[in-house]
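In our numbering, the protein residues as written are 4 to 300.
1. Under the three-state reduction of DSSP, which class applies to residue 266: helix, strand or coil?
2. How is the alpha helix (DSSP H) around residue 209 delimited, first residue to last?
3. Assess contact between the region 43 to 59 and the region 205 to 214, defined as three or more Cβ pairs (one per stretch) separated by less than 8 Å. Is contact present?
4. What do you reckon, are the CB atoms on residue 167 and residue 53 nearer than 7 Å?
5. What do you reckon, are the CB atoms on residue 164 and residue 199 nearer than 7 Å?
6. When you compare each of 87, 88, 179, 212 to residue 269 by their alpha carbons, which one comes out closest?
7. So, for residue 228: in the same chain, excluding its five sequence neighbours on each side, which residues have a beta-carbon less than 7 Å away from its beta-carbon?
8. Going by C-alpha distance, which of 250, 98, 278, 184 is nearest residue 161?
9. CA-CA distance, residue 116 and residue 59?
10. The alpha helix (DSSP H) with residue 122 in it runs from where to where?
11. Which class does residue 72 belong to by DSSP, given the choice of helix, strand or coil?
12. Based on DSSP bridge pairs, tell me the residues matched to residue 252.
13. For my contact list, residue 224 and residue 239 are in at a C-beta cut-off of 8 Å; report their separation, rounded to the angstrom.
14. Within 10 Å of its beta-carbon, does residue 109 have 16 or more other beta-carbons around it, so buried, or fewer, so exposed?
15. Given a cut-off of 7 Å, decide if residue 236 and residue 251 are closer than it, judged by their beta-carbon atoms.
16. Is the beta carbon of residue 272 sitting closer than 7 Å to the one on residue 169?
17. Could you tell me which residues DSSP puts in a beta bridge with residue 164?
18. Along the chain, where does the beta strand (DSSP E) that runs through residue 226 open and close?
19. When you compare the CB positions of residue 222 and residue 196, do they come within less than 7 Å of one another, or not?
20. Just tell me which of 106, 91, 92 has its CA closest to the CA of residue 98.
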């Protein structure tokens, strides 16, 4: 006949196995459906590497979480209060167990640190390919990522302001856009990110991680899109009462379509500037005529 200790051990093992199985069955579909993982798409290296790093951490942490929660639930059920039951043995500590989980946790942190440090350079700095400019001469910030030679690149200045994003492009003539940044595909895009009022945070989850937009300071980020499309994000820093409406978008298109868009945008900006100048001259002329009429009277 099995002893009570053996029965308890079998019950504990069965409960832990069942809890782990149920947890994995519940978490695996959610993870593969991108519920537990960051958004991906667009083929941008920083986003893909961040996603891989996140998933490594998730799958290392998930079994530990299930084990700890399983033991906790078992202990709560097994050792719940019962009237008339004798007082349970008071555990004062277990040196071996405490050393074991301390060393185990430290080893896991060391492994995650090494993996993270291996991934960070690829997230922080562009891969090989980039000093030939995408139809313009890029203006580089002193602290932006180093762009290696060998492929097309474009530098865009991103300015946050309550509650919209402005994108300033390099090259001859004024070229800027609000709300939606337009970029060519297969091009290394480096960003100089700042703010003109309060602190914001620029984040397009499918393309790159968060980068704070701080007044008087430039933070840098980069991405490279291989698939045409529109990628959306939000300001990730509470910046005022309309923070939720501060949407950011990136539209990636072929280099030929991008050059056509840039030409149209420059033309529209010149046309609007001329119209504004004409309106200002008419208003000044009308104001001068009115003042002359008053003087004659």
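Virtual Cβ for every residue (Gly too), placed ideally from N, Cα, C.
In this structure, then:
1. In the three-state DSSP reduction, residue 266 falls in the helix class (H, G or I).
2. Premise fails: residue 209 is in no alpha helix (DSSP H) and is neither H nor E.
3. yes
4. no
5. yes
6. 179
7. 45, 46, 47, 186, 188, 210, 255
8. 184
9. 12 Å
10. Residues 98 to 127.
11. helix
12. 183, 235
13. Not quite, the Cβ-Cβ distance comes to about 12 Å (not below 8 Å), so this is no contact.
14. It is exposed - the Cβ of residue 109 has fewer than 16 other Cβ atoms within 10 Å.
15. yes
16. With contacts defined as CB atoms closer than 7 Å, residue 272 and residue 169 fail to qualify as a contacting pair.
17. Secondary-structure assignment with DSSP links residue 164 through a beta bridge to 167.
18. 222 to 226
19. yes
20. For residue 98, the nearest C-alpha among the options comes from 106.
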